[in-house]
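Its first residue numbered 6, the sequence shown is counted upward by one per residue in my numbering.
Have a look at the structure below, then the notes.
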Amino acid sequence: MALTSKAVFYYSMTGNTKALIESCDTTGYAVFDLYEMALQEVDFRPYQTILLGTSTIGDGFPHDIFKKLTAQLAGMNRKRIGLFGSGNSIYPRYCGALDILEDFLRTRNEILFKFKFEGYPKRQVMEQFQQLLRDIS
Ligand SMILES: Cc1cc2nc3c(=O)[nH]c(=O)nc-3n(C[C@H](O)[C@H](O)[C@H](O)COP(=O)(O)O)c2cc1C
């Protein structure tokens, strides 16, 4: 697989983050639902551009699966990364999972965007995200 290829890896608890990615035309991207995968099946290495999606739980954290993927995430180097995910602004750390992932990944990789949205994605949110996907070469 070419190193220029693109992939989306996402985890969604109640389907909001999943609904965003499913609303978009993801032609050109390999799309992986982390909920459906065994840990050992997750491999970021073949992809140069990686979109990571997660909602936020706890007190502003990504889902546990990302903790279990720490070694793989730490191994990411010179990737182009986009972060996206749903949250709820009644919590003090709105979509904090994305901030944590950004902090963890930004020194070794290029962060293309961080796209936070509230609850189930509205049409405008879907359109904005679709545009982001189109803008990534
Ligand atoms: C126990 C719990 C903790 C949460 N903590 C946060 C939080 O700290 N920050 C936030 O923005 N949203 C938080 N949320 C809201 C979810 O991220 C939000 O409902 C989101 O839309 C779920 O998206 P998903 O269906 O893609 O998993 C929390 C939800 C639950 C159930």
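Idealized CB from N, CA, C, for every residue including glycine.
Examine ligand 1 and report whether any of its heavy atoms sits within less than 7 Å of the Cβ of residue i.
i	result
Met131	no
Tyr99	yes
Met81	no
Tyr96	yes
Ile62	yes
Asn93	yes
Gly33	no
Met42	no
Asp119	The identity of residue 119 in the sequence shown is Lys, whereas the question assumes Asp. Because no heavy atom of ligand 1 lies under 7 Å away, the Cβ of Lys119 does not count as near it: no.
Gly87	no
Can you tell me whether residue i is helix, strand or coil according to DSSP?
i	result
Asp38	strand
Phe49	coil
Lys72	helix
Gly101	helix
Arg128	helix
In or out: residue i buried (at least 16 other Cβ within 10 Å) or exposed?
i	result
Tyr16	buried
Pro51	exposed
Tyr125	exposed
Gly90	buried
Lys73	exposed
Tyr40	exposed
Gly92	buried
Give the list of continuous alpha helix (DSSP H) stretches no shorter than 4 residues that lie fully inside the segment 9 to 36.
21 to 28, all fully within the segment 9 to 36.
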